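A.B. asks: Under my numbering, the residue at position 253 of the sequence shown is numbered 266, and the numbers go up by one with no gaps.
Just passing along the structure, written as structure tokens.
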Amino acid sequence: MPSFGAADEAEMATRGCGPLIPPLSESMRPLRQQVFERVRASGLIPRVQVAKDLGVSPASVTTITSELIEAGLIEEVSAPRDPELGRGRPAVALGVRAQAHMVAGMKMSDREHSAVIVDFAGNLLANEVVPRRPGPMPLPEMLDAMALLLDRVCDNAGIARSALSGVGVGLPGFVDQAEGVVLWSSTLTERAVPLADAAQARLGLPVSIDNDANLVALAELWFGAGRSLADFAVVTFEHGVGMGFVMNHKIYRGSQRLGMELGHTKVQLDGALCRCGQRGCLEAYVADYALAREATTALNWGHREGQSISVLLESLYDHAQAGDATARSIFRRAGRYLAVGLANVVNLFDPALIILSGERLKFDYLYAAETLAEMDNLVINTGRPRPPIEIHAWGDLLWAHGAAALALSAVTERILMAPREIAAQ
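Okay, here's the thing in structure tokens:
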């Protein structure tokens with residue numbers, strides 16, 4: 014073991030020890046932002062409860078909430094007093110001023126595009142779904158599709174595009190959320206696309222982008238089963254396999270913002286070809302194109318090449334339900350690979366909850382009892398129960414809701430981190 018001399022001790026004294034946490038980092042947000050987020054998360058909450066929850070003085074909360082009310086971001090709401098408490102002035106609670114801002118969330122998918130508009134309190138105002146021809150598209154075509162979708166959902170809401178304060182966009186692939194760059198996506202022909210800047214220039218609005226699986230996790234964190242959980246995982250099954258992971262109530266993205274690509278973890282060396290260009294990815298055995306590829310070969314469906322993947326999968330599922338052994342074996346094999354992927358998630362992260370989400374989960378063979386039993390066999394035996402698994406087989410509007418949450422978060426941060434005189438405008 015190395016020894017330390019006096020010079021080493023002097024150097025350590027000036028250097029210090031322990032983690033160097035930057036002031037006002039994400040884990041130490043300004044109190045103003047914490048107060049607003051507490052009000053937004055609670056729906057309605059008295060000032061005294063805000064102070065108690067945040068562990069600060071009621072006077073501090075009163076000062077900050079007065080500023081937020083003056084800025085038009087929150088408002089006082091009178092609540093009827095409990096009759097058992099006798100007469101007196103109605104109780105006053107704080108809530109987000111819903112009409113302060115509106116944002117749009119959009120999911121640009123391989124098969125269809127979807128969008129929602131929500132107000133500042135997260136209430137749904139309008140939605141829209143537009144089918145599209147499958148396959149990657151060049152950037153100009155993607156921007157045209159975004160503009161068309163945004164105008165249609167704005168028409169449904171009865172507002173002009175200029176009434177929005179921001180737009181969130183989700184799409185599959187490798188997305189650097191902080192830089193606004195899509196390094197690769199099955200929906201784009203180009204690579205390393207600065208999509209956020211390009212969309213902002215085209216739409217005339219602030220735009221935030223992210224990987225679509227992250228946005229499903231964000232939707233669960235803001236609106237769904239993950240609101241009260243510090244850590245949970247969402248595994249998505251659509252045209253690919255994605256994963257979003259929430260750690261300490263925040264989306265975890267990795268050091269280069271490209272982590273959590275569960276679909277591209279390797280489950281078979283030199284295995285099936287994945288659409289990312291590599292072989293043996295989990296996605297190449299579980300995603301819709303993988304099931305369709307397997308069905309075309311095993312069931313001699315070469316004559317169905319012109320059919321869409323959705324039609325092929327529906328037919329495959331019908332055959333499985335009717336007792337076709339080959340069709341059942343295709344789902345069974347995919348389920349076994351899914352068990353491997355889920356067991357790896359448990360062994361690596363030990364989440365409080367795993368949510369399986371996406372339209373493809375209507376194919377219940379993927380998460381049959383045999384699949385979950387195989388997953389249990391692959392999880393490290395600690396003597397403790399594995400994390401619960403919930404199935405959320407929702408449609409594309411869930412993804413769009415996550416994109417709206419991304420936009421709400423960006424708008425909130427922009428306003429609350431701005432100088433007070435700007436935020437009040």
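Idealized CB from N, CA, C, for every residue including glycine.
Every value quoted in this text rests on a predicted model; they were computed, and no experiment measured them.
I'd like to know if the stretch 233-240 and the stretch 413-425 are in contact, where contact means that at least 3 CB-CB pairs between them fall below 8 Å.
C.D. replies: Yes, they touch.
A.B. asks: How would you label alanine 84, buried or exposed, when you count the other beta carbons within 10 angstroms and need 16 or more for buried?
C.D. replies: That one is buried.
A.B. asks: Would you kindly work out how many angstroms separate the C-alpha atoms of threonine 200 and alanine 170, rounded to a whole number?
C.D. replies: So the alpha carbons of these two residues sit roughly 27 Å apart.
A.B. asks: Mapping the DSSP letters down to three states, classify alanine 418 as helix, strand or coil.
C.D. replies: Looking at alanine 418 - three-state DSSP - the assignment turns out to be helix.
A.B. asks: Could you tell me which uninterrupted alpha helix (DSSP H) segments, each at least 4 residues in length, are contained entirely in the stretch 214-274, listed from first to last along the chain?
C.D. replies: Within the stretch 214-274, the complete alpha helix (DSSP H) runs of at least 4 residues are 225-236.
A.B. asks: Report all residues from its chain with a CB closer than 7 Å to the CB of valine 359; omit the five preceding and five following residues, and keep chain order.
C.D. replies: Excluding residues within five positions, the ones whose Cβ falls inside 7 Å are Val392, Arg399 and Pro400.
A.B. asks: Counting along the chain, where does the beta strand (DSSP E) carrying alanine 381 start and finish?
C.D. replies: Alanine 381 -> no beta strand (DSSP E), and no H or E assigned at all.
A.B. asks: Would you mind working out which of Gln47, Leu242 and Thr339 sits nearest histidine 262, comparing C-alpha positions?
C.D. replies: Answer by Cα proximity: Leu242.
A.B. asks: Specify whether the stretch 204-216 and the stretch 176-186 touch according to this definition: at least 3 beta carbon pairs, one from each stretch, less than 8 Å apart.
C.D. replies: Counting Cβ pairs under 8 Å, three or more are found: they touch.
A.B. asks: Residues in the same chain with beta-carbon distance under 6 Å from leucine 355, minus the five sequence neighbours each way, listed in chain order, please.
C.D. replies: Closer than 6 Å at Cβ, skipping near neighbours: Met388.
A.B. asks: Pull the bridge partners of glutamate 125 from the DSSP assignment, please.
C.D. replies: For glutamate 125, which the question treats as bridged, DSSP gives the partners Pro144.
A.B. asks: Need the endpoints of the beta strand (DSSP E) that glycine 183 sits in, please.
C.D. replies: Its beta strand (DSSP E) spans residues 179-184.
A.B. asks: By DSSP, does leucine 366 sit in helix, in strand, or in coil?
C.D. replies: Reduced to three states, the DSSP call for leucine 366 is coil.
A.B. asks: Going by the DSSP bridge assignment, what does glycine 108 pair with across the sheet?
C.D. replies: Glycine 108 is bridged to Glu88.
A.B. asks: With distances taken between CB atoms, is the gap from leucine 286 to alanine 305 smaller than 8 Å?
C.D. replies: The answer is no: Cβ separation not under 8 Å.
A.B. asks: Quick check on this structure: which residue in Leu295, His405, Arg53 and Ala382 has the alpha carbon closest to the alpha carbon of alanine 111?
C.D. replies: Nearest of Leu295, His405, Arg53 and Ala382 to alanine 111, Cα basis: Arg53.
A.B. asks: How far does the beta strand (DSSP E) with histidine 405 in it extend, from its first residue to its last?
C.D. replies: Segment 402-405, the beta strand (DSSP E) holding histidine 405.
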